[in-house]
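**Student:** If you scroll down you'll find the structure; I have some questions about it.
Numbering (my numbering), first residue to last: 236 to 350.
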């Protein structure tokens, strides 16, 4: 990450309000992209969805397991339709893929927006 000229902020919490606060803080620190594993909040948190919409920062939705191979009620995500992309079912490797995709997107956006 450092070699790419970017920094990484990591937040983990099982408390919805802490995740919402972290998302809101991301606007204040000029975050370019969010990698978000909503876990059990995937199919239950309108508040997290609203926070992501409010900050208007692109994000990648990430799931360690394949949510579509699980119970039917887990198939609905409150985030997939507003995410830049979704990675699901690749275990911890999903974080590496999401980070690579995020860095590529950020660098691509910088190139496009240069005068």
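Note that the Cβ used here is the ideal one computed from N, Cα and C, for glycine as well.
This structure is a prediction, so every number in the text was calculated from the model and none was measured.
Please report the residue range of the beta strand (DSSP E) in which residue 302 lies.
**Tutor:** Here residue 302 belongs to no beta strand (DSSP E), and DSSP marks it neither H nor E.
**Student:** Return the chain-ordered list of same chain residues with a C-beta closer than 6 Å to the C-beta of residue 310, the five sequence neighbours on each side being excluded.
**Tutor:** Excluding positions up to five away in sequence, the list reads 303.
**Student:** My output table needs one value for residue 295: the three-state DSSP class, helix, strand or coil.
**Tutor:** Three-state DSSP puts residue 295 in a strand.
**Student:** When we look at the beta-carbon of residue 254 and count the other beta-carbons within 10 Å, is it buried (16 or more) or exposed?
**Tutor:** Under this definition residue 254 is a buried residue.
**Student:** Cβ of residue 343 less than 9 Å from any chain D Cβ?
**Tutor:** Protein chain content of the structure displayed is limited to a single chain, and chain D is not contained in it.
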